[in-house]
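**Q** Numbering of the sequence shown is given in numbering that gives the first Met the number 0, commencing with residue 0 and proceeding in unit increments. There's a structure below that I have some questions on.
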Amino acid sequence: MTQDEMKQAVADAALACIRPKLESNTVLGIGTGSTANLFIDALAGIKGLINATVASSEASAARLKSHGIVVYELNTVDQVDFYIDGADECNAALQLIKGGGAALTREKIMTAVAEEFICIADESKLVHTLGQFPLPVEVIPMARSHVARELVKLGGDPIYREGVVTDNGNVILDVYNFSIPQPLATEEKINNITGVVTNGLFALKPADVLLLGTTDGVQTIYAE
Ligand code: 5RP
C-alpha cells in the first residue's frame with residue numbers, strides 16, 4: 000500500500016467508525032490537510048445523515064462547501080460530536096504534533112470542544128518520541144523575535160515559516176532539532192511564552208483514538 004492508499008483507507012475507516020453513531024443533529028468537526036481532505040470527500044456521500052460540520056480552517060470549509068456540506072461557525076453550535084483530523088506525528092499515548100498545515104490553533108480549539116477526537120494517519124506518523132517533525136508554534140507577529148529567542152532557550156532551533164499567515168492573521172515558527180520526551184511539560188512551557196497563541200503539541204488533550212493506516216490494513220489504537 001502506498002502512503003496515499005493508507006490515507007484513503009483511514010479516511011474510509013473513520014467514516015465507517017462514526018456512521019452507525021450519526022443522528023440528524025450530529026455536528027462533525029473537520030480537520031485540515033491531505034488526510035482530512037480525503038475524509039471530506041468521503042463524507043460527501045453521506046452528507047444527508049448529519050446536521051452540519053464545523054471546519055478547522057478556511058481551506059477545509061471551502062472544500063466542505065464545494066461538496067454542498069453545511070458548515071457552521073463554532074460559536075453557533077452547542078456541541079461537536081466527533082472531530083476527525085490528521086497529524087504530523089503521533090506517539091503511543093496518542094499525543095500529537097500538528098500544524099504542518101498552519102491550522103493548529105483552530106484544530107486545538109476543535110479538540111477542546113469535541114466529544115471525541117478521532118485521529119487519522121498513515122504509519123509514517125507514528126514515532127517513539129515526538130520531535131522529529133519540526134514543532135509549529137503560532138505567534139502574534141510583533142512577538143516573533145521574542146518568542147524565537149525563548150524557544151532557543153528551551154533548546155530548539157526556531158525557523159520563521161516565510162510567506163505563511165494563519166487564518167487568524169498570525170505567523171508560524173517551526174522548531175527544529177527539538178526532541179520532546181515530556182510532551183505535557185513542553186506544551187505548557189511553550190504556551191506560557193508571551194506572544195505564543197498556540198503550539199502544535201496536542202498532549203494535554205491527546206486524541207481519543209487513532210486509526211492508523213499500515214501496509215497490513217487499518218489498526219485502531221487507543222492511548223496506552
Ligand atoms: C494541519 C495539520 C494536519 O493534520 C497535518 O499537517 C497532517 O497533514 P496530512 O494529512 O496532509 O499529512 O495539523 O495543520
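Where is the CB? At the ideal position from N, CA and C, for every residue including glycine.
1) Once DSSP output is grouped into helix, strand and coil, what is the label at LEU93?
2) Can you determine whether any heavy atom of the ligand 5RP sits closer than 8 angstroms to the C-beta of GLU106, and answer yes or no?
3) DSSP on GLU161, reduced to helix/strand/coil?
4) Looking at C-alpha atoms only, which residue of ASN90, VAL136 and LEU48 is the closest neighbour of HIS127?
5) When the Cα of ALA113 is compared with those of LEU95, GLY130, ARG18 and ASP80, which residue comes out closest?
6) Taking the straight line between their C-alpha atoms, what separation do you get for ASP166 and SER59?
7) Can you tell me where the beta strand (DSSP E) with PHE132 in it begins and where it stops?
8) What residues come near the ligand 5RP, if near means a beta carbon less than 5 angstroms from any of its heavy atoms?
9) Enumerate, from N- to C-terminal direction, the unbroken alpha helix (DSSP H) stretches of 4 or more residues contained entirely within the stretch 41-103.
10) Taking ASP40 as the reference, which of ILE49, ALA54, ALA102 and LEU63 has the closest Cα?
11) Since ILE117 is in the beta strand (DSSP E), which residue starts that stretch and which ends it?
12) Is DSSP giving PHE177 helix, strand or coil here?
13) Taking the C-alpha atoms as reference points, what is the distance between LEU37 and ASP121?
14) Contact between the stretch 172-186 and the stretch 149-163 is defined here as three or more beta-carbon pairs at a separation below 8 angstroms; is this criterion met?
15) State the CB to CB distance for the pair LEU200 and LEU134, rounded to an integer number of angstroms; the pair is presumed to be in contact (CB under 8 angstroms).
16) List the whole-angstrom C-beta distance separating LEU27 from LEU48, where the pair is believed to meet the contact cut-off of C-beta under 8 angstroms.
17) How is the alpha helix (DSSP H) around ASN190 delimited, first residue to last?
18) Could you tell me the distance, in whole angstroms, from the CA atom of GLN7 to the CA atom of THR34?
19) Can you have a look at SER23 and say buried or exposed, based on whether 16 or more other CB atoms are within 10 angstroms of its CB?
20) Have a look at ALA111, PRO140, ALA54 and LEU211 and flag the residue whose alpha-carbon is nearest the alpha-carbon of TYR71.
21) Based on the DSSP secondary-structure assignment, which residues constitute the bridge partners of ASP3?
22) What are the residues that DSSP puts in a beta bridge with VAL195?
23) Just verifying my parser: in three-state terms, what is the DSSP assignment at ASP11?
24) How big is the Cα-Cα spacing for TYR250 and ILE17?
**A** Working from what's here:
1) Working through the sequence shown from its first residue, we reach residue 93 at position 94. Three-state DSSP puts LEU93 in coil, outside helix and strand.
2) On the sequence shown, residue 106 is found 107 positions in, with the first residue counted as 1. Yes, Cβ of GLU106 sits closer than 8 angstroms to a heavy atom of the ligand 5RP.
3) Reading the sequence shown from its first residue, position 162 is the one you call residue 161. Here GLU161 sits in coil by DSSP.
4) As a first step, residue 127 is located in the sequence shown; it is residue number 128 there, counting from the start. For the residues ASN90, VAL136 and LEU48, the minimum Cα distance to HIS127 belongs to ASN90.
5) The count along the sequence shown starts at 1 and reaches residue 113 at position 114. It is ASP80 whose Cα lies nearest to the Cα of ALA113.
6) Translated into positions along the sequence shown, residue 166 becomes position 167. Translated into positions along the sequence shown, residue 59 becomes position 60. So the two alpha carbons sit approximately 11 angstroms from each other.
7) Within the sequence shown, residue 132 is the residue found at index 133, counting from 1. First-last for PHE132: undefined, no H or E at that position.
8) THR31, GLY32, SER33, THR34, GLY85, ASP87, LYS97, GLY98, GLY99, GLY100 and ALA102
9) 57-65
10) Within the sequence shown, residue 40 is the residue found at index 41, counting from 1. The candidate whose alpha carbon is nearest that of ASP40 is LEU63.
11) If you number the sequence shown from 1, residue 117 lands on position 118. Looking at the DSSP string, the run of the beta strand (DSSP E) that includes ILE117 is 113-121.
12) Counting from one through the sequence shown, the residue named residue 177 turns up at place 178. Coil, per DSSP.
13) The residue given as residue 37 occupies position 38 in the sequence shown. The residue given as residue 121 occupies position 122 in the sequence shown. Each residue's alpha carbon lies about 13 angstroms from the other.
14) yes
15) Stepping through the sequence shown from its first residue, residue 200 is reached at position 201. Stepping through the sequence shown from its first residue, residue 134 is reached at position 135. About 7 angstroms; that satisfies the 8 angstroms criterion.
16) Numbered from its first residue, the sequence shown carries residue 27 at position 28. Numbered from its first residue, the sequence shown carries residue 48 at position 49. Contact doesn't hold; Cβ gap of about 10 angstroms is too wide.
17) Numbered from its first residue, the sequence shown carries residue 190 at position 191. Unbroken alpha helix (DSSP H) run through ASN190: 182-190.
18) Numbered from its first residue, the sequence shown carries residue 7 at position 8. Numbered from its first residue, the sequence shown carries residue 34 at position 35. Looking at the two C-alpha atoms, the distance is approximately 7 angstroms.
19) Taking the first residue of the sequence shown as 1, we reach residue 23 at position 24. Its Cβ having fewer than 16 others within 10 Å, SER23 is exposed.
20) Here the question's residue 71 lines up with position 72 in the sequence shown. The residue with the shortest Cα to Cα distance from TYR71 is ALA54.
21) Numbered from 1 along the sequence shown, position 4 holds the residue referred to as residue 3. According to DSSP, which records beta bridges pairwise, ASP3 is partnered with nothing at all.
22) Your numbering for residue 195 matches position 196 in the sequence shown. Looking at the DSSP assignment, VAL195 forms a beta bridge with VAL138.
23) For the purposes of this step, residue 11 is taken as residue 12 along the sequence shown, with counting starting at 1. Three-state DSSP puts ASP11 in a helix.
24) With the chain covering 0 to 223 only, the question about residue 250 has no answer from this structure.
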